[in-house]
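All remarks here apply to the structure that follows.
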Amino acid sequence: MRILLTISLWLFASGAFALDAATVNKLGFGDGDEKIAAIAALVAEGDPAAAALLQAATDGELQTAGKLVLIVKGEEAVNAATGAKVTPLPEEREDVILNNRVRRELGGAMAALKLISPDRATRLAAAKELTGNADQAMLPLIKKALASETDAGVKQLLELTQATLELKTGTKESRIAAVRTLGLSTNPNTKMLLLGILEKSKEGGYAEPDEDIRIEAQKSLKALEGRLAWGERAGVLFTSVSLGSILLLAALGLAITYGLMGVINMAHGELIMVGAYTTYVVQNLFKRTDFFDWYLLAAVPASFIAAAAVGMALERLVIRWLYGRPLETLLATWGISLMLIQTVRTIFGAQNVQVENPAFMSGGMELLTGVVMPWSRIVIICFAGAVLVGMWLLLTKTRLGLFVRAVTQNRPMASCVGVPTARVDTWAFGLGSGIAGLAGCALSQIGNVGPDLGQSYIVDSFMVVVLGGVGQLAGTVYAALGLGFANKLLEAWQGAVLAKIAVLVFIIFFIQKRPQGMFALRGRALDA
Amino acid sequence: MTGGISRRLYGPRGWAILALFCVAVFGVMPVLNLAVPADSPFHVSAYWVTLLGKIMCYAIVAVAMDLVWGYAGILSLGHGLFFALGGYSFGMYLMRQIGSDGQYRQPMPDFMVFLDWKEFPWQWWNSDSFWWCAMLVIVVPGLLAYVFGYFAFRSRVKGVYLSIITQALTFAAMLLFFRNATGFGGNNGFTDFRRILDIPIATPQTRMALFAITGATLIGTLLLARWLTTSRFGRVLAAIRDAEQRVMFCGYDTVHYKLFVWTLSAVICGVAGALYVPQVGIINPGEMSPANSIEIAIWVAVGGRGTLIGPLIGAGLVNGAKSYFTQAFPEYWLFALGLIFILVTLFLPQGVMGFLGKKK
Amino acid sequence: MSISATTATGEGGSLGRVAREGLDSTHGVVLYMEDISVSFDGFKALNKLSLSIDIGELRCVIGPNGAGKTTMMDVITGKTRPDEGTVYFGQTIDLTRLSEAQISTAGIGRKFQKPTIFEHHSVFENLELSMKADKRVRKTLFSSLSSAQKDSIAETLKTIRLNDSADRVAGLLSHGQKQWLEIGMLLMQEPRLLLLDEPVAGMSDDETERTGELFLSLAGKHSLVVVEHDMAFVEKIARKITVLHEGGVLAEGSMSEVQNDPKVIEVYLGR
Amino acid sequence: MKRRMFVKQLALSAAVAAIGLGSTALYAQAKTIKVGVLHSLSGTMAISETVLKDVTLMAIEEINAKGGVLGMKLEPVVVDPASNWPLFAEKARQLLTQDKVAVTFGCWTSVSRKSVLPVFEELNGLLFYPVQYEGEELSKNVFYTGAAPNQQAIPAVEYLMSKEGGAAKRWVLLGTDYVYPRTTNKILRAFLKSKGVADKDIDEKYTPFGHSDYQTIVADVKKFAAGGKTAVVSTINGDSNVPFYKELGNQGLKATDVPVVAFSVGEEELRGVDTKPLVGHLAAWNYFMSQKNPTNDAWKKQWAAYAKKMKLAGADKPLTNDPMEAAWIGIHMWKQAVEKAKTTDVDKVIAAMAGQTFKAPSGITSKMDEKNHHLHKAVYIGEVQANGQFNVVWQTKGPVKAEPWSPFIAGNDKKKGEPDGKTIITK
């Protein structure tokens, strides 16, 4: 309790304190081993000042100037050892460099210290951090924390860690208890621990001489493996749906411009790219404000509008003149795509640009230890669903949708009954392009944003639309999800390269079976 | 205007151009390149010989493409694959001809030495034989095209569906060839050729010989294509393009017609690929990328579909423009190229040939 | 419901023979259809349709839109495969097993509702391509026209009154001329059975008249099935009429029989 | 004048019956030395190569401002091979025979280099290749200013094996399926085996070009890492890195648990990534922008000013990286060699290149090996920081000599470390 109190105290006021100067210097100037020793010493010291120092190191606020070790916060610096204010700020300062190993130790140390934080979330995070990262020295701390812990979730994690640590030591009873606890784990690391118990030694005996423990371990292992297998299945399911949703987003716009309107739109990928770059521009505008996390709210409509505008302009200037000559639209739109790529390259440079995830889309939801569903992907799946529903509503429930369907089904007839076909074409193409822009906005969250962005999606998009059946929205959806699953299942089995090849070959064979795609209507219309 | 399909090819002017072309390829170029001293302003350098040789290879492909697209109405977005397969088939022979002059000074191609392969994989069987590889140049693309075409045409896959699956085919092949394990040098492909039929490859004479052979092949392809398209076979093809159903109800088994021209076109592409590789000095899976195949279609469209001579001009124009623009305005050349494609489709729907025809 | 006699088809060994051999019309029947059903996504286009055509017969088929006329032709020519039922050409040729090209070679010619000719070919070439000949790839590569073949084309040109337009590009012909050209193409195939889908649509009265005469002159040598909406035309040429409705045969008989059939009256004049 | 001639030539080629009249150049101004710049400005490689063109032009501008070379100004000839390998060969031939350049700076990726190599050898040209590569090649006509595997890959792995690097026991070798990753991984596998790592503790994984879905890969890495302390060695090619790193960050695979060391990810590649979740992941290079020394400071300042002046894209955040440094060293060393040889004659310049030194922005004095055409380079391991820069956490003690023929590949022990066919010039 004392430590906790002082940590929180320190956050408000840096009280007077004094640490062992030698330890602090080791942390500041020493090599890896010395730094780690210093960290261990500071944890053991349990001093609030030590906690503060460790926190500063974690936050990257530790600097050295000459022989001094400083904690620098903005323009203020205090002597890390004495806590005295250092003014003026020395000019020549260097960051104290922590490598992964030190950072790992530091993480463990901080976690151990945070185990008694009053905030449940902090404790939970700390306990989680410790599950894979605790060493024997922390056992007393963990035990102490367990004694006072009230939250079941934190308690479970701590027990698990304790079990991990006690597996090798302690009485037979405590070890059996530990093995049992491990059986409740969802952490793949635990599997290795249990396997270690069951391992046969070279002489033919077992690494673990006690048979009871081995039997318990066997049971725990089975339970654990079952759980892990489920986790893995859930993981594959999620990745498949996620890939499917991305393919769907990429293909939906094309399902309109190509599927409904018959324009072989090779510039579709570049419309996606326009959406992604619009997102980038909007993000940059928001960077200077306090609402950065909300930039997507503006970027979504902006990317729709930007791509739709480009699409409508293209329709008016070029594609308009090519209706009824589908293969020539291929040529012209290919030319357009080259020009769009080069335009972007000229304006934004050939390099990728950075699109940051808003904070709420970073990280993920942990299903089991190791099976993480990233928020960005969850959001994209939902987004794809929303776009799909929106598009469906637009096409079936609005006048524009009615017009679009009328024009695509029978242009002369539609024109006769007074549908402004030319304008409908423009709007429909704009809609398809806008949806491509939305795809770009979504893709910017998980992939790179560069001039070549579109090129990597164009082939896939066409595959999806054609596989689903041209002009069949439902087919597009099924094809996208189907390809997502096929790709991911095969990848798990044969690796990414062969999976991709196999999927392409599958498409070739599938089209032989259903030459009009998955959802083509069998009709009697003359095609001669 | 009289005449249907058959009477529109090669007026006297066409034949005159062809004759002139023969003179240029077999007479003027060799003399200017080999006999005229290098410091003379009339000397044609090796750069021009290889560049024009390369463009002629592309032109052969364009004519082959015109046979299937312009005449039979099958838009292939995978012709680059057949081209590359021909190139790879012949490339195997060229790799074997390097002998022990590679980086490792060992009798096997460098990438195999590096991968620790002690024996040639099965694909390389007999690859040190010129005739075997020359046969592969024809058989491999031909067989693939035949099998693929047989199933696709029999299932009546057509239009954009066919285009897309040809694209899938070439894309899949590209990924396959990128793998080292496939046994064709992965991404680096084949390069560093030294000899052909034991004659050093980097001499002006060899280069000129390759150039002349390419020219002869181009002329041969043109004549063959002309013969095909003016025969009743050609009229059936064009009929299939315009009204396939009617052709079937006339009693023609259209599958075989399409299959024949499709396979022939693939074989011609393979030959072009085989001629291309020793001249440019490299073959790599990039040749199979979908973009390359789309470009082939673009040459044909720029020149004018269904005219045979048009695609040749298209291939020359587009590639000439590419070679020129990439050094004249390296930063902006894509604008120019893209603009050409758009303008041609908008204003010259029949391609350059349509434009020339109109002017007449 | 139907009166047509099609019981003679199931004769033992002839079933399932994929025939390229000549037409066996020993029973005087050129085409049998029995219990043909075709459905498109739940919609029954043909529903147990049975029909037979005699050698040399000229049969008119009428029926409201959606009655299944075109689908019936699709089934005969192999464009659509029936879900159930049998179609025999003569006694031995099972049409459901042949491709369009094989059916055509066997001796069935078809004219489409919308004239389908080769628009970029000349009239002469159109006829040349449809001429009865060996239509395998190898032959077409090296073939040239014999004088007999040229004569035959010239004769057909005369029949369809396009001898002045032999070198014209077919796409430039008038609609009626295109119809005639297509009929000419059928004649060049020398078929045993001609299927004609609305042959006089878009023709002038004069042209219609001549078409009728042509058909009547063809009957006897060939069997003809004419689908037509133009009742005046039908009346002029018809000897026997079949009325289709909702995928089945509603009535069959002479013009007057059909006109007086209460079911037909109900369908045509309606509730 | 040049343009007009090319228009003429274009017209000829377009007619196909081209008779290349007067294609031999007769340039009036002999007062310049032509220098070829052969980097893709369009196509897939433009992402990486464009800056190399810019930094080369900056070097040329600087050299010209200081009076040029041998009293003559350098005249850059920039062409765009458009990420198309046959076009690389064509452009190389054009530079050498039409423009008659004295030297060419260019290429990125081995396939582009291998496509132009026969041309340079045939015409005895001179190429400076500024990017790290898999080795297994030596040509007298090429100077390799990027790293060989022993100057990048092996030190990185050694670091990760050390206690300081986290003492990794299991290894995921992850790459794009092409030659550089395959070769590097082969060398690494042999190296790891020599250090006693068992095959079951090495997992090699490849993804196709342009792969953008790394969900399964990252999940697999996690699974593999459950079996013991794991490090990932990534040779993922340029474009796929952003989706890979975004996936890493989002799936919460932290550097403290499973560090990823990359050989083709530098400051420029991370430009497109939010690096906050990636802190601690590593890269091995011979130069990092964050290095603090006067040479680097001056160079960075120069680059920032140049980028601003030329209004280059990304000038608001000018970045330098390892290949840029290698390109920079290359052109300056060439200049020194020309001055030493007092001619631009290729054979003499090659001879004069041996042992050249140049004060490199990385802080060391780079030296061109007397024999093997590679630079001696110090190797730095950097950890990604939140600001997209790298923090050097480890470095070799002094420069390392390149081993283009890796000793971990069978048969290479017999190779000599010098290209054949060099002219011996004695003074």
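Protein chains in written order, with the numbering used here: chain V, 74 to 601; chain S, -1 to 358; chain Z, 27 to 297; chain L, 64 to 490. The beta-carbon is built from N, C-alpha and C at its ideal position, and this holds for glycine as well.
{"query": "Residues that V/Asn152 bridges to, as DSSP identifies them", "result": "V/Leu143"}
{"query": "Assumed close pair L/Arg334, S/Asn178 - CB separation to whole angstroms, cut-off 8 Å", "result": "Wrong, their Cβ atoms sit about 30 Å apart, outside the cutoff."}
{"query": "L/Thr239, buried or exposed, once every other Cβ within 10 Å from all chains shown has been counted against 16", "result": "buried"}
{"query": "Z/Ala277 (DSSP reduced to helix, strand or coil)", "result": "strand"}
{"query": "Sequence ranges, alpha helix (DSSP H) only - wholly within the stretch 76 to 147 of chain Z, length at least 4", "result": "95 to 103, 126 to 132"}
{"query": "Chain-ordered chain Z contacts of S/Tyr255 [CB-CB under 7 Å]", "result": "Val163"}
{"query": "Where the beta strand (DSSP E) containing L/Ile265 begins and where it ends", "result": "265 to 270"}
{"query": "Segment contact flag, the stretch 264 to 274 of chain L with the stretch 324 to 331 of chain L, C-beta cutoff 8 Å, min 3 pairs", "result": "no"}
{"query": "Per DSSP, cross-strand counterpart(s) of V/Tyr279", "result": "V/Lys273"}
{"query": "Buried versus exposed call for L/Gln161 [16 or more other C-beta atoms within 10 Å across all chains shown]", "result": "buried"}
{"query": "Validate contact between the stretch 179 to 193 of chain L and the stretch 460 to 475 of chain L using beta carbons, cut 8 Å, 3 pairs", "result": "no"}
{"query": "Within 7 Å of chain V by C-beta, residues of the stretch 158 to 170 of chain S in sequence order", "result": "Val158, Tyr159, Ile162, Ile163, Gln165, Ala166, Leu167, Phe169, Ala170"}
{"query": "Closest Cα partner of S/Leu310 within the set S/Ala241, S/Leu216, S/Met286", "result": "S/Leu216"}
{"query": "With 16 other Cβ atoms within 10 Å as the buried cut-off, status of L/Gln157", "result": "buried"}
{"query": "Assigned secondary structure, L/Ala318 (DSSP; H/G/I helix, E/B strand, else coil)", "result": "coil"}
{"query": "Continuous alpha helix (DSSP H) stretch holding Z/Glu60: start and end", "result": "From DSSP, Z/Glu60 is part of no alpha helix (DSSP H) but of the beta strand (DSSP E) over 55 to 66."}
{"query": "V/Phe535: contacting residues in chain S (beta-carbon distance under 8 Å)", "result": "Ile162, Gln165"}
{"query": "C-beta atoms of S/Arg362 and S/Val47 nearer than 8 Å", "result": "Residue 362 of chain S lies beyond the stretch modelled for chain S, which goes from -1 to 358, so this question has no answer here."}
{"query": "Coil, strand or helix - L/Phe206 by DSSP", "result": "strand"}
{"query": "Through-space distance from L/Lys430 to L/Pro424, alpha-carbon basis", "result": "13 Å"}
{"query": "Chain-ordered neighbours of L/Ser175 on chain A, where CB pairs are closer than 9 Å", "result": "Structure shown: chain A not included; protein chains present are V, S, Z and L."}
{"query": "Buried or exposed (CB count within 10 angstroms, at least 16 for buried), S/Phe176", "result": "buried"}
{"query": "Neighbouring residues, chain S, relative to V/Trp394 (Cβ below 8 Å)", "result": "Leu344"}
{"query": "Neighbour flag for Z/Gln215 against chain S, beta carbons, 8 Å", "result": "yes"}
{"query": "Amino acids of chain L, ordered along the chain, whose beta-carbon sits closer than 7 Å to that of S/Glu329", "result": "Leu104"}
{"query": "Buried or exposed (CB count within 10 angstroms, at least 16 for buried), L/Thr208", "result": "buried"}
{"query": "Chain L contact residues for S/Ala207, given Cβ-Cβ distances below 8 Å", "result": "Ordered by position in chain L, no residue passes the 8 Å Cβ test against S/Ala207, which lies about 16 Å from the chain."}
{"query": "Listed by chain order, chain Z residues near S/Gln243 by CB distance under 9 Å", "result": "Lys105, Glu126, Phe138, Thr142"}
{"query": "Outcome for Z/Asn286 when other beta-carbon atoms lying within 10 angstroms are tallied against a minimum of 16", "result": "exposed"}
{"query": "Three CB pairs or more closer than 8 Å across the stretch 453 to 460 of chain V and the stretch 318 to 325 of chain V", "result": "yes"}
{"query": "Three-state secondary structure (DSSP) of L/Met135", "result": "strand"}
{"query": "Closer than 7 Å at the beta carbon, the chain L residues around S/Arg177", "result": "Asp240"}
{"query": "Integer Cβ distance of V/Gly256 from V/Leu301, believed to fall under 8 Å", "result": "Actually they do not touch by this definition, with Cβ atoms about 12 Å apart."}
{"query": "Neighbourhood of S/Thr305 by C-beta distance below 6 Å, restricted to the same chain and skipping five residues each side", "result": "Met351"}
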